[in-house]
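Those protein sequence lines, which keep their order, are chains A and B.
The letter at position 328 of the first sequence is residue 328 when you use this note's numbering, and the numbering goes up by one with no holes.
The letter at position 798 of the second sequence is residue 798 when you use this note's numbering, and the numbering goes up by one with no holes.
Number of protein chains: 2
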Amino acid sequence: MANITKKVSWSSRADETGILGEGTPLLNGSEQLTHSRQPSEGRSVFQIGRLSTVDLEEEITSDEDSQRGRPNEIPHNEKLLSLKFESLDYDNIENQLFLEEERRMSHMNFQCLEISRWVVCGLIGFLTGLIACFIDIAVEELAGIKYQVVKKNIENFTEVGGLSISLLLWAVLNSAIVMMGAIIVAFFEPIAAGSGIPQIKCYLNGVKIPRVVRLKTLVVKVCGVICSVVGGLAVGKEGPMIHSGAVVAAGVSQGRSTSLKRDFKIFEYFRRDTEKRDFVSAGAAAGVSAAFGAPVGGVLFALEEGASFWNQMLTWRIFFASMISTFTLNIFLSVYNKNPGDLSNPGLINFGRFQIDGVAYNFYEIPLFIAMGAIGGLLGALFNILNYWLTIFRIRYVHRPCLQVMEAMLVAAVTATVSFTMIYFSNDCQPLGPEDKKEYPLQLFCADGEYNSMATAFFNTPERSVHSLFHNQPGTYNPLTLGLFTLTYFFLACWTYGLAVSAGVFIPSLLIGAAWGRLCGILLAAITTPAPLWADPGKYALIGAAAQLGGIVRMTLSLTVIMVEATGNVTYGLPIMLVLMTSKIVGDYFVEGLYDIHIKLQSIPFLHWEAPATSHWLTAREVMSSPVTCLNRIEKVGTIVDTLSNTSTNHNGFPVVVQVSGSDEPEKLCGLILRSQLIVLLKHKVFVELARSRLTHRKLQLKDFRDAYPRFPPIQSIHVSQDERECMMDLTEFMNATPYTVPQETSLPRVFKLFRALGLRHLVVVDDENRVVGLVTRKDLARYHIGKHGLEELQLAQT
Amino acid sequence: MANITKKVSWSSRADETGILGEGTPLLNGSEQLTHSRQPSEGRSVFQIGRLSTVDLEEEITSDEDSQRGRPNEIPHNEKLLSLKFESLDYDNIENQLFLEEERRMSHMNFQCLEISRWVVCGLIGFLTGLIACFIDIAVEELAGIKYQVVKKNIENFTEVGGLSISLLLWAVLNSAIVMMGAIIVAFFEPIAAGSGIPQIKCYLNGVKIPRVVRLKTLVVKVCGVICSVVGGLAVGKEGPMIHSGAVVAAGVSQGRSTSLKRDFKIFEYFRRDTEKRDFVSAGAAAGVSAAFGAPVGGVLFALEEGASFWNQMLTWRIFFASMISTFTLNIFLSVYNKNPGDLSNPGLINFGRFQIDGVAYNFYEIPLFIAMGAIGGLLGALFNILNYWLTIFRIRYVHRPCLQVMEAMLVAAVTATVSFTMIYFSNDCQPLGPEDKKEYPLQLFCADGEYNSMATAFFNTPERSVHSLFHNQPGTYNPLTLGLFTLTYFFLACWTYGLAVSAGVFIPSLLIGAAWGRLCGILLAAITTPAPLWADPGKYALIGAAAQLGGIVRMTLSLTVIMVEATGNVTYGLPIMLVLMTSKIVGDYFVEGLYDIHIKLQSIPFLHWEAPATSHWLTAREVMSSPVTCLNRIEKVGTIVDTLSNTSTNHNGFPVVVQVSGSDEPEKLCGLILRSQLIVLLKHKVFVELARSRLTHRKLQLKDFRDAYPRFPPIQSIHVSQDERECMMDLTEFMNATPYTVPQETSLPRVFKLFRALGLRHLVVVDDENRVVGLVTRKDLARYHIGKHGLEELQLAQT
């Protein structure tokens, strides 16, 4: 246990402390342990020292820091691992209360529970579909008004000159709309910024991200995304759907809203992390399903990102939620489109039908697809690196809400200006066919009966632009238009992602990819003149879109299925898979996926699927935190309060030990209890002495824990008098009597597998006498990763 | 530990012993334990008694039984759990050798391993696709010849009379072909009978089914399925593809064939159960993919049936294998069909394209679909019950290979006769349109330019019949034809499944369902005259097919996706899901799915996803086997040989314990070692004394274990001299030093979750002093299930 050397930094400025932390003296665990092995009479808790990752000399700083409240500048560094993120408890707390309840339940009760799970999933799907529908209609209507106004203005001024006024109008309109979206995000709920996919990934991974599944977040997210899209930013409304679905799921499954202070007294059984996570998976899947009309893709997304333990019934329920979601959206949109019963709008984005007869691919095209995948990987990596630098810049200099709003407005204005300039200087006129149902064809300087081709790409919602790139007839776009569009949109999208607005990166990626993919198709057709049938530009646009999206987000199976479902055609499965695979391999060579970059920049302790391959030389002894604060099975209240109040450690799980009375044998592990449980016990004053005196005192039930879930009060809010401090508390009934344990010699991959497969939060390390020697938590495992120079260890930071 | 009461039966006749076993005296574990806690001087192994599940009084029977070899009559009873099935080790044996090897490997080595995994998956996909292609072409060609011969004969005799000769020809031809198929299956490889899906399910679940992934099985399977389909039985060739893919995977991934005695010295790292299982999953997925052109469905099938621990990279590789498989099949079939490059034949069965414009479903049709799902569930349950009785009958009376061959021939002859009779007495003549490309239109007694409608259903391979039921124009079949066809085919298919031939049940189920589904569509159209557009009989045929298949096999998500992919149209996702859900719920009310019935009838210890809901009152103490045979860390060879030779216990895992020398403290658990490891150690004579005397003796390496995998020799084949028996063996280096353990009080669901999530084979139960008190294995967990009267416990049988 002695050989632990953990580098610790402790300040609100990561950049400086990263260097500082390395210079500070390291804590030697064994000394502390020896010291604490002498139980003091006054305190029966075995506070075997302090959290090994905390440097003692900096204790004062830490207390100051915690009193200062939320620091203005949040340190972000991908070489640090934040200690401020808590884990979720995906392991059931099997204490006596729980077991008694389970044993009381009959088979019929369990079946009722199962039915209510289905009902909840149906509700989740329905509500998620409704939200998607609301977003879609709102965007359609508002964007329609905006584009009509601008179009009329442009048409007026095309004749008489003075188009700069139109530009001004467009830019001001965009900025104003985006401003609204940015204000609600930056000032009211910063967690609603971005697509929300990284946050949901982390939640499903088991990291508790504060406020991520609250009602307020949902409202801000929905309004924010409408503003962003209507404001003409290079964003999509699909990513936020996934977050929205997750929030809906978390809300519905708990049968109450803490924000609205309403408790419907239903689904109380589901008020714990294990059940809630399952529903949030279903919500995320429903979100994907509504966004792309891809129910199977949604299920796979939820599984790929979330579930480590695959369960048949759970998956089936997730699929049900997905199906209901896409179906609801479809029904309502069909009514909105005045074509009720037509079920051809399963998602927010529809790639449209690729007619199989003309454009099935050929064997010899596969190398071309793979080459395009490599291009996608390269461009994706470039996108990610640029966005990474930009994010670092933003973290350092653009962290005030008002600055964030101004940056968003700037981007909106620039986007409008660039678009206008591109349209203005483009001389790509195309005849306006009778079958072209373009919503806002801009004639500009084109002849009558013609329209400006650049405008179809820029003067439109991104979803429509993708659709036209996929399906417009060959010859609709000239190569220069496409090249310029790719270039400008690439930088715009890169700048936009990470702004303080709700917005997704899926559609911009697809759009960039579709543009250069179509370009590839046109060039191929030009090279192999006479233009053969196989070089259909729409097909290459699809492949390019897949390559670009894969290069940026690096999702695998789920993305393939989403793309296939969105095209509604399984024939393209193989090429899309090959392309996504290539782009992932090429992109991973340079930099991680966009979501992973953002997760790392927030120093979130994210657990990957497996331990790093070369980590077999590490054992539980090396990775565990030690010494551990243990509690006795019958413990003094004062000790518990002191332990919980200790802001410098802030532990969340405490092994419970027992010593055979009178014997001098070492104390054995007999259970594990959580901070949240102790808080509830203290709040209800479950003390041995009180139980004796007040025989009528209501026994504490599981319901009391559920009512307090998930917002357990802080220890400071619980008043314990001096007399009560002398009371004793019996933890036997409430602790988890059979926590999972591993011996000290267990290798890291084995510990990791156990931890990950069972979704643990605390794993007790014991010696061969069953004595507690350490505790493995998420941050202990997330610290190790494969870097450029083999296995690397991240530093821990308190912020 | 004292309260263990396990009912044991021990005989080769399950029906009798089921009753007998209950009356036999029960073993009291605690007495045995007390007795064994006094370590005898002569034997340092703590054979703490005997396997608790074995009744001592019946010991002699058991020895006799094991000497008799394979009994002729295999007892089958779904109320028993067989002890003869071993488990697979999905938990890595992390002993010192393994850890040393892993630590020696650089990051580059791991990447090479990863690449070889991809190569193997690609090969699996390619070979599976080739096999599918071979089966398809062979069936096409041979069936073509057969039908042409019979057709010519019928046409000859239609004019002159004497059609009974045609009937005789048809019946004899069928019987002869089926006989060949039945002979190779019944005499050479009985495990190749049936679809193989139950066997693969069990393998992926972790049960070692003997000979299931051998090359010989593959050859028999492929030849057998060709004979069955060509022989005109009511079978499909899709199920066996899944088994074939699994065998291919097991073979390719090991880089050698024990049957062919060839070792290519590649992929040696993959020679253990953990890796092999992953590849077998990929093989099964590739099989599904080739069978139905459903790569995503294949992945989901593999996950639904196999993987308890979901891993992103693994899933991605499985998907790759699936894609390659369907692509290979597609390419080769396009060449065979003289249309190279046309990629519209992704699977063995193709449902054909449902044109979306005409036949999209409407909102108000959904209740109809659900009603059809209920019918499917009912009919499926009926099918399963009939097949269950039939299987029981077969187990009792038709267990000799020659009888089995004769039964198969009988079924073939009856199928031909019934088909002929149906065609003969049918007067449903339809005009032969120019677009109808029926392969073998029978005119029979119809007017010129017309053909017999019943013959399209009966006088054809089942795949073609399904296709015609889905896609023929409304009016092609009259209701009576369809009704009669459904009825006869239902009973024929039910009789056929379980014969000693390689054959799947997917296509017959689809065919039955398509027939009554089309009937529903026709009736609906008749009721709602004037026949509206929505009551398209083809659509209802599809729904009926899904309902019937779901009612029989009860698969969930994977089946939905397979159906959607086979139709090539995601629009039908929701109705298919609803139908499958309904049919599963309705069917489950009566009886289990067909595969589960067959697994239960073979008394296989199959672990479901979760422990029974009402099993919280059971703890590890009650479910574990105890007392346990433990070994010392440094153990006498004679003791080990005796332990392994003990046929009455036949244990496979032994906890290793250590006692601090000189102290009187109880011995602690320090590791776990497997029978297979001990066998290799004995074979290489890794004795302490020999190592001292022969310093040059080569150190045993992991390679020696891998070379012996998976067919470890029996202990009887290893000669240990009397001198060697006195030697000592040091197990430290070879045992798994950190086995997973649970305390005695752990509840069954918790034990189950750990066991299932990590794919364990042995889980050591310890007390709070870290002493071994019991061992939980697969059979201990599989015993409990929810029956009609709540939680039930299966009896254990030695056969």
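Think of the CB as a built atom: it goes at the ideal place given N, C-alpha and C, for glycine as much as any other residue.
| Item | Value |
| --- | --- |
| With a Cβ-Cβ cutoff of 7 Å, do Glu-508(A) and Ala-143(A) count as a contact? | Looking at the sequence shown, residue 508(A) is not Glu but Pro. Going by C-beta atoms, Pro-508(A) is not nearer than 7 Å to Ala-143(A). |
| Taking a cut of 9 Å between CB atoms, which residues from the region 104-116 of chain A lie near chain B? | Met-105, Ser-106, His-107, Asn-109, Phe-110, Gln-111, Leu-113 and Glu-114 |
| Using the rule of at least 16 other Cβ atoms within 10 Å of the residue's Cβ for burial, across every protein chain shown, is Trp-389(A) buried or exposed? | exposed |
| Assess contact between the region 216-227 of chain A and the region 612-631 of chain A, defined as three or more Cβ pairs (one per stretch) separated by less than 8 Å. Is contact present? | no |
| Hey, how far is the Cα of Asn-387(A) from the Cα of Val-414(A)? | 17 Å |
| Residues of chain A with CB under 8 Å from Asn-311(B), in chain order? | Trp-609 and Glu-610 |
| I'd like to know if the region 248-258 of chain A and the region 121-138 of chain A are in contact, where contact means that at least 3 CB-CB pairs between them fall below 8 Å. | yes |
| Are Thr-456(B) and Ser-468(B) touching if we call contact CB-CB under 7 Å? | yes |
| For Met-323(B), would you say it is in contact with chain A, using Cβ-to-Cβ distances shorter than 7 Å as the test? | yes |
| For chain A, find out if any of its Cβ atoms is closer than 7 Å to the Cβ of Lys-668(B); answer yes or no. | yes |
| Measuring only between beta-carbons, confirm whether Arg-778(A) sits less than 7 Å from chain B. | no |
| Could you work out which residues of chain B lie near Gly-790(A), taking near to mean beta carbons separated by less than 7 Å? | His-107 |
| Report buried or exposed for Arg-396(B), applying the criterion of at least 16 other Cβ atoms within 10 angstroms of its Cβ. | exposed |
| For Ile-552(B) versus Gly-380(B), is the C-beta spacing smaller than 7 Å? | yes |
| For the alpha helix (DSSP H) that Lys-703(B) lies in, which residues bound it at each end? | 702-708 |
| Measure how close the beta-carbons of Lys-539(A) and Gly-521(A) come, nearest whole angstrom, since I'm counting them as under 8 Å. | 7 Å |
| Nearest-angstrom Cα distance between Val-561(B) and Val-561(A)? | 11 Å |
| With distances taken between CB atoms, is the gap from Leu-594(B) to Asn-384(B) smaller than 7 Å? | yes |
| Under the rule that 16 or more other beta-carbon atoms within 10 Å means buried, what is Asn-92(A), buried or exposed? | buried |
| When you compare each of Ser-747(B), Ala-176(B), Ala-503(B) and Asn-650(B) to Ile-226(B) by their alpha carbons, which one comes out closest? | Ala-503(B) |
| What is the rounded straight-line gap between the Cα of Ala-283(B) and the Cα of Ile-318(B)? | Checking the sequence, you will find Gly at residue 283(B) rather than Ala. Going by the C-alpha atoms only, they are around 8 Å apart. |
| So Leu-519(A) packs on Pro-479(A), CB below 8 Å; how close in whole Å? | 6 Å |
| Taking buried to mean at least 16 other C-beta atoms within 10 Å of its own C-beta, is Asn-339(A) buried or exposed? | exposed |
| Show which residues of chain A have a CB atom less than 7 Å away from the CB atom of Pro-743(B). | Thr-738 |
| At 3 residues or longer, and completely inside the region 413-463 of chain B: list those beta strand (DSSP E) runs for me, N to C. | 429-431 and 450-452 |
| By the three-class DSSP mapping on this structure, what secondary structure does Pro-743(A) have? | strand |
| Output yes or no for whether 7 Å exceeds the beta carbon distance between Ala-797(A) and Ser-82(A). | yes |
| Going along chain B in order, which residues have a C-beta closer than 8 Å to the C-beta of Ala-284(A)? | Correct list: empty, because the minimum Cβ distance to chain B is about 15 Å. |
| Straight-line CA distance for Leu-678(B) to Arg-711(B)? | 14 Å |
| For Thr-274(A) and Gly-206(A), what's the separation of their Cα atoms in angstroms? | 10 Å |
| Let me know the secondary structure DSSP gives Pro-666(A) once reduced to three states. | coil |
| Tell me which residues of the region 400-420 of chain A have at least one Cβ-Cβ distance to chain B shorter than 7 Å, keeping chain order. | none |
| Between Asp-436(A) and the rest of its own chain, which residues show a CB-CB distance below 6 Å, the 5 nearest in sequence each way excluded? | The predicted model places Asp-436(A) with a pLDDT of 49, which falls under 50 and marks its position as unreliable, so this point remains unresolved. |
| Are Ala-546(A) and Val-570(A) close, meaning C-beta to C-beta below 7 Å? | no |
| Pick helix, strand or coil for Thr-619(B), following the three-state DSSP scheme. | strand |
| Between the region 177-187 of chain A and the region 417-424 of chain A, do three or more beta carbon pairs fall short of 8 Å? | no |
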